[in-house]
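Data block below; observations after.
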Amino acid sequence: MSLHQDAVVVDCHNDLILLVDHFDQRAKPGHFREFWLPELRAGGVDVQILPICLEEAFQSEGGLRRTLLLVERIHRLAAEHSEDVAVCVTGAEIDAAVAAGRIALVIALEGAHGIGQDVALVRTLHRVGVRVISLAHFGRTFLADGSGLDATSRSRLTPQGIEALREMEELGIVFDISHLGLGGVDHVLELATRPFLATHSACLGITDIHRNLHDDHIKQIADLGGVIGVAAAVPFFIDAQNPTADRVADHVERIAEVAGIDHVGLGPDFIDDYYQQVYGGWMLPPGFEATTAHAEVSRPSDLPKITDALVRRGFAEADIRKVLGENVLRVLREVMV
174 MSLHQDAVVV DCHNDLILLV DHFDQRAKPG HFREFWLPEL RAGGVDVQIL PICLEEAFQS
234 EGGLRRTLLL VERIHRLAAE HSEDVAVCVT GAEIDAAVAA GRIALVIALE GAHGIGQDVA
294 LVRTLHRVGV RVISLAHFGR TFLADGSGLD ATSRSRLTPQ GIEALREMEE LGIVFDISHL
354 GLGGVDHVLE LATRPFLATH SACLGITDIH RNLHDDHIKQ IADLGGVIGV AAAVPFFIDA
414 QNPTADRVAD HVERIAEVAG IDHVGLGPDF IDDYYQQVYG GWMLPPGFEA TTAHAEVSRP
474 SDLPKITDAL VRRGFAEADI RKVLGENVLR VLREVMV
C-alpha cells in the first residue's frame with residue numbers, strides 16, 4: 174500500500190462522468206463528491222483520463238450536443254472541486270496538478286460519434302479541452318469501425334478517419350486505439366507517427382474476445398512508443414469466470430513479455446456501478462458471454478490489489494511504478510504539448 178500511494182497512478186479509463194450525469198438528472202448533484210472523489214483518493218489516482226461515451230440514443234443526430242454537454246459537465250465538476258481536481262490540457266499542467274496534490278483530469282472521447290464526418294470538429298473539441306480520442310466504440314462511425322464488426326467489415330479508417338488521425342497528431346491529441354476493429358488497428362499502425370494509447374484493452378493471447386489485442390499489435394504499438402492500459406475492471410476482457418487481480422497481473426506480465434515493461438499501464442474501465450445503477454446489470458454487446466463473475470478490481474479503491482499482485486510476483490519497484498502511471502505519463506507529456 175505504501176508503494177501504491179507513493180507512486181503516480183494514472184487511470185486511463187473511468188466512465189464516471191456518465192454516472193455523475195445520471196444523478197445530476199435526478200437532482201443529486203453531490204454524487205462525485207460523495208462517491209467518486211473518495212474512491213479516487215482511496216485508489217491513489219493522480220491522473221484520471223475521463224472518457225465521454227455516448228449511449229445509443231445519442232450516437233446519431235444528438236451526438237455532438239451530448240458530447241459538448243458532458244465536456245461542459247467535466248469543466249463544471251473541476252470548478253466545483255478545484256481544491257481536489259483540475260482539467261489539464263498539457264503534460265506540464267498534469268505535472269503541476271499532481272505536484273499540488275490535485276487529481277489531473279484529461280478529457281477523452283470514447284468513440285467520435287459527435288464529430289460525424291466533419292473533421293474540422295476535431296479542432297473544435299481540442300479548443301474545449303479534449304485531449305484523447307478514439308474514433309469508434311461498438312459499431313460504426315463516419316471515421317472507423319469498432320471491433321464488434323470484424324466479421325462483417327474490413328474495418329480500415331475512412332478517408333475522414335485518416336484526416337482525423339493526422340489532425341490529432343498535429344494538434345497534440347492522443348489517439349486511442351481501444352475499440353477499433355482489426356483492420357482499423359492495422360491501418361493506424363501504418364499511418365501513425367506519434368505514440369498513442371490503447372486506453373482500456375487486454376491480451377487476446379490470454380482472453381480470446383474481439384476487444385483484446387493480439388501480440389503482433391501489442392508489439393507494434395510499443396514500437397511507436399505507445400502504451401496498452403489493461404482493462405482490469407471488465408471481466409470479459411480479463412477472464413469472464415475468474416476476473417481477479419492476479420488475472421489482471423497475467424495480462425500485465427504478457428504485455429511486458431511481448432513489448433517490454435515500458436509499454437503497459439492501467440485502464441480499468443470502471444463502468445460496473447453505472448450499469449448497475451442505470452440498467453440493473455451489464456448491457457452486453459455482441460460477442461460477449463452472458464454470465465461472468467464479479468471483477469475483483471471493480472472500483473478505484475481496488476487498484477492497490479493490482480500493486481499487491483505485482484509485488485507478490487516479484488516485479489521490481491521501478492517497474493511497478495511504470496505500470497501504475499509513469500509509462501502513460503510519458504505518452505501524455507510527449508503528445509500533449
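The C-terminal position of the sequence shown is numbered 510 in our numbering, with every residue numbered one higher than the one before it. Quick reminder that beta carbons are idealized off the backbone N, C-alpha and C, glycines included.
Tell me whether the beta-carbon of residue i lies closer than 8 Å to the beta-carbon of residue j.
i	j	result
residue 370	residue 347	yes
residue 190	residue 222	no
residue 443	residue 408	no
residue 326	residue 353	no
residue 466	residue 415	yes
residue 302	residue 244	yes
residue 279	residue 305	yes
residue 422	residue 391	no
residue 242	residue 205	no
residue 274	residue 307	no
residue 366	residue 340	no
residue 322	residue 338	no
residue 495	residue 428	no
residue 287	residue 237	yes
residue 188	residue 452	no
residue 357	residue 389	no
residue 213	residue 254	no
residue 450	residue 282	no
DSSP puts residue i in a beta bridge; with which residues?
i	result
residue 187	443
residue 487	In the DSSP output, where bridge partners are listed per residue, residue 487 has none listed.
residue 259	277
residue 223	280
residue 433	According to DSSP, which records beta bridges pairwise, residue 433 is partnered with nothing at all.
residue 401	371 and 437
residue 218	182
Identify, in the order they occur along the chain, each residue of the same chain with its Cβ nearer than 7 Å to the Cβ of residue i, setting aside the five sequence neighbours on each side.
i	result
residue 469	416, 417, 418, 475 and 478
residue 360	329 and 330
residue 490	176
residue 332	none
residue 380	410, 411 and 412
residue 194	243 and 246
residue 299	344 and 346
If I measure Cβ to Cβ from residue i and keep anything under 8 Å in the same chain, skipping five residues before and after, which residues do I get?
i	result
residue 202	196
residue 394	350, 362, 369, 371, 386, 400, 401, 432 and 436
residue 267	220, 261, 277, 279, 502, 505, 506 and 509
residue 216	182, 184, 472, 473, 474, 475, 476 and 477
residue 493	176, 180, 480, 483 and 484
residue 256	275
Output needed for residue i: all residues of its chain with C-beta closer than 6 Å, excluding positions within five of it in sequence on either side, in chain order.
i	result
residue 445	471
residue 497	180 and 182
residue 270	259, 261 and 277
residue 440	185, 186, 372, 373, 402 and 404
residue 312	319
Please determine whether the Cβ atom of residue i lies at a distance below 7 Å from any heavy atom of the ligand COA.
i	result
residue 334	In terms of ligand content, the structure shown is empty, and the ligand COA therefore cannot be addressed.
Secondary structure, beta strand (DSSP E): runs of 3+ residues fully inside the stretch 345 to 389: The stretch 345 to 389 contains, as complete beta strand (DSSP E) runs of 3+ residues, the segments 370 to 374 (chain order).
Can you list the alpha helix (DSSP H) stretches of 4 or more residues lying completely in the stretch 278 to 332, in chain order? Every alpha helix (DSSP H) of 4 residues or more that sits fully in the stretch 278 to 332 is shown, in chain order, as 293 to 300.
Touching by the beta-carbon criterion (3+ pairs, under 8 Å), the stretch 180 to 188 and the stretch 498 to 510: The stretch 180 to 188 makes contact with the stretch 498 to 510; the number of CB pairs closer than 8 Å reaches 3 or more.
Are there three or more Cβ pairs, one per stretch, closer than 8 Å when the stretch 361 to 375 is compared with the stretch 397 to 411? yes
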